[in-house]
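Step one of this worksheet: look at the structure below.
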Ligand SMILES: Cc1cc2nc3c(=O)[nH]c(=O)nc-3n(C[C@H](O)[C@H](O)[C@H](O)COP(=O)(O)OP(=O)(O)OC[C@H]3O[C@@H](n4cnc5c(N)ncnc54)[C@H](O)[C@@H]3O)c2cc1C
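Chains as they are written, first to last, in my numbering: chain B, 1 to 313; chain A, 1001 to 1249.
Okay, here's the thing in structure tokens:
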């Protein structure tokens, strides 16, 4: 049997969508018993939410003032303190999990698997490498725990008809004082979250300015879509970094992805490989984005986008 | 601080369209252009800027891998690093082993800061910096887009999914570079000539770490499933119809 510990990602009030997707991944391991750890300063509502997620046996609450804003250097030793007996420790392949899980693995003196996209058996997994240009099947040693991050775009969220038990774990370790959280600058928007939105509209370098990027927001808002961008648009300052889609930004899998004025560099495409339908709008008929687009339209975005918005509105 | 240690990994150039070998034994690297991992180049640029501000005296670039990685180290020296160390090994090196080798070098060199790229664009693992700081029992600041050194501490802005997070960490520490930390300088010809005379030490892996780690083994490589070629539409009306046909509107 496999005993799996999942490190929940959450906002202190609610679970991040990545948590339910990690759980889905873990349920694909044969004979798995799944526990979820919630590190927070007050994890009651998050623990209650996760206890309802299908497939979870137990939710473990680990409370500490230092957990109000998670820092890998502080969470990792806490993970170790409850890790005994688990065969697998999983976290999401979001910036939270990418930051934390290798630190956990190193403290256990084991290697880590990044971006699990398919479970073949309890110790055999598929993961993308080279910006998704190759998929490697890897086999983890059975003599040590498997520590891995889960490529959340590869999994659906589990349902919420469960009723797991909730436990509190006491911490009797000293946490380091060498790392301090100062603050976070996060854009607040009413738009659907890029990582979970069913529909996403993205803009590229072609938009030319922050002001011009407004037409992308307008289009997205006309049918309730999330908004993303290419690296070039972020680098140029048209939009903030959290909107970047791609190898080094967010990996997303919406039902509909509309790429506007984006050329389709491999680093961008790796972020949208799992999208249901890709639409490309670009004035260059030779742009590589058309090779992966399900629907392509050659045209000037400054004509097409307002026209499309009018047609939808 | 006296020294900054920077990692430079030799990887397939980011412009190369990587292909899986027909026998599924790996990706094709024969005759393919190799470069410094782009994130590592950014890491080195940041170290050079810290030195140019008078906040560090010596920049040491380190590569772990085949003898050919000397090329990337020479490029690093041409960019401005003071000296280079190649940890030579013919075998694949896991992130955990890489972290252990860096730790052994840290014990020799006692740097005030280690800057690595946030991920290698070959295996996309995004692990080494985190593992190194864990083994070293020091702070980590990953995905850095801004780094300020203030005496014994550093203030780091990190690109996280929610936005920009600011951490303060005590030094020494490990920082991993994200894309927007800086734009690396171009190497000029006279610098390439000068770099030829800078020290480049070659040591073997076994001189630093003898114990093996339980490694994750690759079994087989495959190409990703290609998306099927779609349709082109003439105009916005055609696009709207196509979207409706798919039930997306
Ligand atoms: C290590 C590394 C990591 C990277 N990670 C990422 C990543 O995560 N995400 C990412 O996106 N990129 C990433 N990149 C960058 C990537 O290689 C490309 O440079 C980037 O995606 C290009 O962005 P773009 O398509 O907006 O710009 P461009 O490539 O400049 O394309 C602009 C497109 O707009 C079209 N256009 C221009 N004007 C109009 C108009 N009026 N109407 C319609 N179309 C128009 C042009 O024909 C062109 O196709 C990475 C690069 C490296 C080296």
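Every residue gets a Cβ at the ideal spot worked out from N, C-alpha and C, and that includes glycine.
Can you round the beta-carbon distance between residue 158/B and residue 55/B to whole angstroms, since I take them to be within the 8 Å contact cut?
Contact between residue 158/B and residue 55/B holds: CB atoms are separated by about 6 Å, below the 8 Å threshold.
Tell whether a beta-carbon distance below 8 Å holds between residue 1020/A and residue 1186/A.
Judged by beta-carbon spacing, residue 1186/A lies beyond the 8 Å limit of residue 1020/A, meaning their Cβ atoms are not closer than that value.
Thinking residue 1045/A and residue 1184/A are a contact (beta carbons under 8 Å), I'd like their distance in whole angstroms, please.
That belief holds up - the Cβ atoms of residue 1045/A and residue 1184/A are roughly 4 Å apart, short of 8 Å.
Per DSSP, the bridge partner or partners of residue 128/B:
Residue pairing by DSSP places residue 128/B opposite 135/B in a beta bridge.
Residue 25/B to residue 123/B span [Cα, whole Å]:
About 13 Å.
Can you tell me which of 237/B, 142/B, 108/B puts its alpha carbon nearest to the alpha carbon of residue 1131/A?
The residue among 237/B, 142/B, 108/B with its C-alpha nearest the C-alpha of residue 1131/A is 108/B.
Cβ of residue 326/B versus every heavy atom of ligand 1: is any distance shorter than 7 Å?
Residue 326/B cannot be examined here, being either before or after the span of chain B that is shown, 1 to 313.
Boundaries of the alpha helix (DSSP H) in which residue 1108/A is found, first to last residue
Per DSSP, residue 1108/A belongs to the alpha helix (DSSP H) from 1095-1109.
Rounded C-alpha distance that separates residue 182/B from residue 1168/A:
Inter-residue distance for residue 182/B and residue 1168/A is about 7 Å (C-alpha atoms, whole angstroms).
Looking at chain B, which residues of the region 1074-1098 of chain A have a Cβ within less than 7 Å of any of its Cβ atoms?
So the list reads 1094, 1095, 1096, given in the order they occur along the chain.
Measure the C-alpha to C-alpha separation of residue 1228/A and residue 1235/A and round it to an integer number of angstroms.
One alpha carbon belongs to residue 1228/A, the other to residue 1235/A, and they sit about 21 Å apart.
Measuring from the CB of residue 1186/A, is there a heavy atom of ligand 1 at a distance below 7 Å?
No, Cβ of residue 1186/A sits at least 7 Å from all heavy atoms of ligand 1.
Nearest chain B C-beta to residue 1034/A closer than 8 Å, yes or no?
Output row for residue 1034/A: interface = no.
CA-CA distance, residue 1085/A and residue 114/B?
For residue 1085/A and residue 114/B, the gap between their C-alpha atoms comes out near 28 Å.
Residue 242/B: which of 189/B, 296/B, 82/B sits nearest, CA to CA?
Among 189/B, 296/B, 82/B, the Cα nearest to that of residue 242/B belongs to 189/B.
For residue 143/B, which residues in chain A fall below 9 Å Cβ to Cβ?
When 9 Å is used as the limit between beta carbons, residue 143/B is near these residues of chain A: 1214, in chain order.
Excluding the five sequence neighbours on either side, which residues of its own chain have a C-beta within less than 8 Å of the C-beta of residue 33/B, listed in chain order?
1, 2, 3, 4, 57, listed in sequence order.
Since residue 254/B meets chain A, which of its residues come closer than 7 Å, beta carbon to beta carbon?
The premise fails here: residue 254/B is roughly 10 Å from chain A at the closest Cβ pair, so nothing lies under 7 Å.
How far does the beta strand (DSSP E) with residue 1204/A in it reach, from first residue to last?
Its beta strand (DSSP E) spans residues 1200-1204.
Take residue 1239/A and list the residues in its own chain whose beta-carbon comes closer than 8 Å to its own, dropping the five residues that flank it on each side.
Cβ within range, chain order: 1233.
What are the residues that DSSP puts in a beta bridge with residue 1247/A?
Paired residues: none, contrary to the question.
Between the region 1013-1028 of chain A and chain B, which residues of the former have CB atoms less than 8 Å from a CB of the latter, in chain order?
Within the region 1013-1028 of chain A, the residues whose Cβ lies closer than 8 Å to some Cβ of chain B are 1014, 1017, 1018, 1019, 1020, 1027, listed in chain order.
Alpha helix (DSSP H) segments (min. 4 residues) lying fully within the region 249-306 of chain B:
With a minimum length of 4 residues, the continuous alpha helix (DSSP H) runs that stay inside the region 249-306 of chain B are 266-269, 289-292.
Which residues in the same chain have their Cβ closer than 7 Å to the Cβ of residue 1029/A, if we skip the five residues on either side of it in sequence?
The beta carbon of residue 1029/A sits closer than 7 Å to those of 1012, all from its chain and outside the five residues before and after it, given in chain order.
Check the Cβ-Cβ distances between residue 1220/A and every residue of chain C, and say whether any is below 8 Å.
Absent here is chain C; the protein component of the structure consists of chains B and A.
Closer than 9 Å, Cβ to Cβ, to anything on chain A: give me those residues from the region 78-106 of chain B, in chain order.
Taking 9 Å as the Cβ-Cβ cut-off against chain A, the residues of the region 78-106 of chain B that qualify are 93, 94, 95, 96, 98, 99, 100, 101, 102, 103, 104, 105, 106.
Separation of residue 1009/A from residue 1116/A, as counted between CA atoms:
Near 9 Å, if we compare the C-alpha coordinates of residue 1009/A and residue 1116/A.
For residue 1142/A, return the contacting residues in chain B, with the cut-off set at a CB-CB distance below 7 Å.
Within 7 Å of the CB of residue 1142/A, the CB atoms of chain B belong to 99, in sequence order along the chain.
List the residues of chain A that residue 181/B touches, going by C-beta distances under 9 Å, in chain order.
In chain order: 1165, 1166, 1167, 1168.
Proximity below 8 Å, CB of residue 1144/A to CB of residue 1177/A:
Yes, the pair counts as a contact, with Cβ atoms nearer than the cut-off.
When the Cβ atoms of the region 287-298 of chain B are set against those of the region 1049-1061 of chain A, are three or more pairs found closer than 8 Å?
When Cβ pairs closer than 8 Å are counted between the two stretches, the region 287-298 of chain B is seen not to touch the region 1049-1061 of chain A, the count staying below three.
Just the Cα atoms here: how many angstroms apart are residue 1068/A and residue 1175/A?
Those two C-alpha atoms are separated by around 26 Å.
Pull up the DSSP beta-bridge partners for residue 1113/A, would you.
Secondary-structure assignment with DSSP links residue 1113/A through a beta bridge to 1004/A.
Cβ-based contacts, 9 Å cut-off: residues of the region 1120-1145 of chain A near chain B
Hits within the stretch, in order: 1121, 1122, 1123, 1124, 1125, 1126, 1127, 1128, 1129, 1130, 1131, 1132, 1133, 1134, 1135, 1137, 1138, 1139, 1140, 1141, 1142, 1143, 1145.
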